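Letter by letter, the sequence shown follows residues 1 to 281 in full-length UniProt numbering.
Glycine included, C-beta positions come from ideal geometry on N, C-alpha and C.
In this text the structure is predicted, and so the values were computed from the model without any measurement.
Have a look at the structure below, then the notes.
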Amino acid sequence: MLSGFQSCWEVSHGNISSSKKALGRGAWGVVLMGQLRVAVKQLHQAIENPHYLEILYREIDIMSQLRHPNLLQFIGAVLDDPSGYPLIITEVMDTSLRKAYENKELTPDPGCRPVILSIMHDVAVGLNYLHCLPDPIIHRDVSSGNVLLQSIAGPNKWKAKVSDFGSANLAHKSNTRAPGAAAYSAPEVLQSIKSYDSKKQTTKMDVFSYGVLLCEIIVCRFPDMDFFQDMLSQVKTIGARPRCNRYTQGILLHSLIDLCMNNDPLKRPTMNQIVEKLDAI
């Protein structure tokens, strides 16, 4: 790729196949029939209600207008599938952050620290883009399962992209929650589940979740349900946070996690400030 150009439009040659039959020729080249390897996500129960279908269409319209190197690229949608459920079509990634450490491709070993920092920088940049839009988008489901990785050449090994930013908003509006999502939720979210308060829904929710994610990737372990229940109980009552200080190996990361997971949303940094702090590490 030419130096200085963004890669949000770049397609890996491994995802493209083309026939030898020419559809047309011109001064600049030849047009061949091709096929693109994509990921297809089938949505189901949460959007059966016509009201939620209308919300979905609005979310699809928003996703279709977003292009960023650190967001999973939306390609299109199928609305007339025989299953009766919409299909969301996106680019294909190699794995998720969660699978990468479950498969020991990422470990807590200090040698992996530069790779981990690169991944978390990508995530922060992607979230910052969403937060800085004229009409900011709150992801609401920042988690290791929603950070997808593409293998790249070089010391950083992985390029990270944030996924499900449209589906997460849909889930929020339909009052559904993904399994395990509560483990990443800010205290103000957990405390307002029964009494919805739109004023508490801010981009600082994502910042808290990012802090949990940073803690998780440093440990390279997804907490079990016993850990979740204990953590949720403490957060709801005394605002406690998961402890991973002994894994951070550095005051800067320790401090960043602490800032992100502050009980007061107003005291949490913005994603732009997080990007700047990561740049300084």
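Beyond the five residues adjoining it in sequence on each side, residue 209 comes within less than 6 Å, by CB distance, of 142 and 184 in the same chain, given in chain order.
Here the region 87 to 98 lies against the region 141 to 158, with 3 or more beta-carbon pairs under 8 Å apart. A Cβ-Cβ distance of about 7 Å is found for the pair residue 74 and residue 66, placing them in contact under the 8 Å criterion.
Collapsing the DSSP output to three states places residue 126 in a helix. When only Cα atoms are considered, residue 156 and residue 82 end up about 42 Å apart. Contact between the region 268 to 281 and the region 123 to 139 is established, with three or more Cβ pairs separated by less than 8 Å. DSSP places residue 33 in the strand class (E or B) of the three-state scheme. In the structure shown, the three-state DSSP call for residue 280 is helix. In terms of Cβ geometry, residue 163 and residue 56 do not form a close pair [threshold 7 Å]. In the three-state DSSP reduction, residue 16 falls in the strand class (E or B).
According to the DSSP assignment, residue 151 belongs to the beta strand (DSSP E) that extends over 147 to 151.
If only uninterrupted alpha helix (DSSP H) runs of at least 4 residues are considered, those enclosed by the region 42 to 87 are 50 to 64. By the beta-carbon neighbour count (other beta carbons within 10 angstroms, threshold 16), residue 153 is exposed.
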